[in-house]
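Under mature numbering (1 follows the signal peptide of the UniProt record, and there is no 0), read the sequence shown as residues -22 to -1, 1 to 340, first letter to last.
Yeah, the Cβ is synthetic: ideal placement off N, Cα and C, and Gly gets one too.
Okay, so here's the structure we're looking at.
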Amino acid sequence: MRQQQKLGLLISGLICAFNVNAQEQPKAADLVGKNYLGIHGMRMNTDDDRLAPNNVDYIRHANGIGLEFGHRLSEYSELRLSYTRLNLTRTGWAPSTPSGKNIAANYLYFPNKQNFYVMAGASAIDVVDSDLSANIGAGYRHYLSERSAVYFEGNGHYQFDNKYTDLSAQIGLVYFFGDTAKKIVRSAPAPTQIKPAAPAPVAKAELDSDNDGVIDRKDQCPNTPAANKVDSDGCTIFTEANDEMRLLVNFDNAKAIVKPEYLDNIKVAADFLKQYPHTDLTISGHTSSQGAAAYNKKLSQQRAEAIVDVLVQEFGIAPSRLTAEGKGEEELLNPANTATAHAENRRIEAKVSVKRKIAVKR
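As structure tokens, then:
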């Protein structure tokens, strides 16, 4: 009886035996770290260009049986080594059937952790000539029990030196061995009867009159507003903010008369000074580049003093808080020699910034 028939009978018998006690397939996690041994049968359709030993006939195909060893690396992957003895058939009559072998190392990847897998690896295929091949393929494994499974897979082999392309189909039976580490279940200790302790005397709560979270005995700032956040001494926590005021007034050519359209802007500056009575304000007058420098210096001083007069006479700001200075044509906003640029440069500017405290809210 030929080797393939023997292998088929053997695998069939083992499948029947395992099916008697078949269980649900094992979880992938239970296979991690285990090894397995297996037997398989292979059918290889060889490349049409392969010559038989007499260099006349061509190899048609090869059948064989073999052994394998594997190791489960993770829930998703395995490594497998295999050896297959091949009987070759060829066209025409021959006094004997040539033989060959296939030694392979493959990496198997299980995308769903269980049955279906894809594979890739390298093979030393000895069919007339012995050459290194690369192979890729896919297969399906059916578990008969927690330790045994049958599989079917197909591979394509590419032999680099002679550029042969061979195809193979393989069916096999594997058996896992080695025990999975069992989880240690520790029983909960028996409850200990604890005699209830006598209740401790309740200390009288100290007063916190303003409800700021700091007791009166330690409160350095009593009666803080309830909405304010306080420090460990019971005092309001403040943060700083900047209030800024900017004033810009333009003038007609060669004039220092304040036009009525700017009175609202000047009132905003006056209100700011009233809100912050300890703040002083410097008003800088400017001119365009037209005219003599000495004349422009005098004209810019007159423009700054005109704004001071409005703040004092119209809005009641103390003269001691105001300073007028003439810059002439020293600080042009627009250096261009155009009518628009000259109009922009005929101006006064004033700017003041004040830091103020803001209570941090709870």
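{"Check": "Distance, Cα to Cα, ASP109 vs SER77?", "Outcome": "15 Å"}
{"Check": "According to DSSP, is ILE285 part of a helix, a strand, or is it coil?", "Outcome": "helix"}
{"Check": "Between THR257, LEU225, LYS233 and PRO177, which has its C-alpha nearest LYS245's C-alpha?", "Outcome": "LEU225"}
{"Check": "Spatial neighbours of TYR254 within its chain, please: CB distance less than 6 Å, with the 5 preceding and 5 following residues excluded, ordered by chain position.", "Outcome": "VAL332"}
{"Check": "Can you have a look at VAL180 and say buried or exposed, based on whether 16 or more other CB atoms are within 10 angstroms of its CB?", "Outcome": "exposed"}
{"Check": "Do you know how far the Cα of ASP104 is from the Cα of LEU66?", "Outcome": "11 Å"}
{"Check": "Throw me the rounded Cβ distance for the ALA337 and ASN206 pair, which I believe falls under 8 Å.", "Outcome": "5 Å"}
{"Check": "Is the distance from the Cβ of ARG340 to the Cβ of PHE229 below 7 Å?", "Outcome": "no"}
{"Check": "Give me the Cβ distance between SER111 and TYR87, rounded to the nearest whole Å; I'm assuming they're in contact under 8 Å.", "Outcome": "Not really, about 20 Å apart at Cβ, beyond 8 Å."}
{"Check": "Less than 6 Å between C-beta atoms, sequence neighbours within five positions excluded: which residues of the same chain meet that for SER278?", "Outcome": "GLY263, HIS264, THR265, GLY304, LYS305 and GLY306"}
{"Check": "With H, G and I counted as helix, E and B as strand and the rest as coil, what does DSSP make of GLU46?", "Outcome": "strand"}
{"Check": "For SER298, does the count of other Cβ atoms within 10 angstroms reach 16, so buried, or fall short, so exposed?", "Outcome": "exposed"}
{"Check": "Please report the straight-line C-alpha distance between TYR153 and GLY132, rounded to a whole angstrom.", "Outcome": "20 Å"}
{"Check": "Closest to ALA284 by C-alpha separation, out of VAL208, MET97 and ILE261, would be which residue?", "Outcome": "ILE261"}
{"Check": "So for TYR273, helix, strand or coil by DSSP?", "Outcome": "helix"}
{"Check": "Return the CA-CA distance between ASN(-2) and SER60, expressed in angstroms with no decimal places.", "Outcome": "Low confidence applies to ASN(-2): its pLDDT is 45, below 50, so where it sits in the model is not reliable enough to give any reading."}
{"Check": "In three-state terms, what does DSSP make of PHE250?", "Outcome": "helix"}
{"Check": "List the endpoints of the continuous beta strand (DSSP E) containing ALA102.", "Outcome": "94 to 105"}
{"Check": "Within 10 Å of its beta-carbon, does ARG119 have 16 or more other beta-carbons around it, so buried, or fewer, so exposed?", "Outcome": "buried"}
{"Check": "Which partner residues does GLN137 have in the DSSP bridge list?", "Outcome": "SER111 and TYR142"}
{"Check": "Quick check on ILE244: does DSSP put it in helix, strand or coil?", "Outcome": "helix"}
{"Check": "The beta strand (DSSP E) spanning ASN220 covers which residue range?", "Outcome": "216 to 228"}
{"Check": "Measuring straight from C-alpha to C-alpha, what distance separates GLY191 and GLY212?", "Outcome": "8 Å"}
{"Check": "In three-state terms, what does DSSP make of ASN13?", "Outcome": "strand"}
{"Check": "Which value, in whole angstroms, describes the spacing of the CA atoms of ALA82 and ALA127?", "Outcome": "20 Å"}
{"Check": "Report the three-state DSSP secondary structure of THR62 (helix, strand or coil).", "Outcome": "strand"}
{"Check": "Going by DSSP in three states, SER331 sits in which element: helix, strand or coil?", "Outcome": "strand"}
{"Check": "Would you identify the three-state DSSP class for LEU(-16), choosing helix, strand or coil?", "Outcome": "Because LEU(-16) carries a pLDDT of 48, less than 50, the predicted location of this residue cannot be relied on, and the following value inherits that uncertainty. LEU(-16) falls in the helix class under three-state DSSP."}
{"Check": "Buried or exposed, going by whether 16 or more other CB atoms sit within 10 Å of the CB of PRO200?", "Outcome": "exposed"}
{"Check": "Could you give the DSSP three-state label for GLU56: helix, strand or coil?", "Outcome": "strand"}
{"Check": "Buried or exposed for residue 370, going by 16 or more other Cβ atoms inside 10 Å?", "Outcome": "Since the displayed the chain opens at -22 and closes at 340, residue 370 lies outside it and no answer follows."}
{"Check": "Measuring straight from C-alpha to C-alpha, what distance separates ALA282 and VAL288?", "Outcome": "10 Å"}
{"Check": "ARG125 by DSSP, collapsed to three states: which one?", "Outcome": "coil"}
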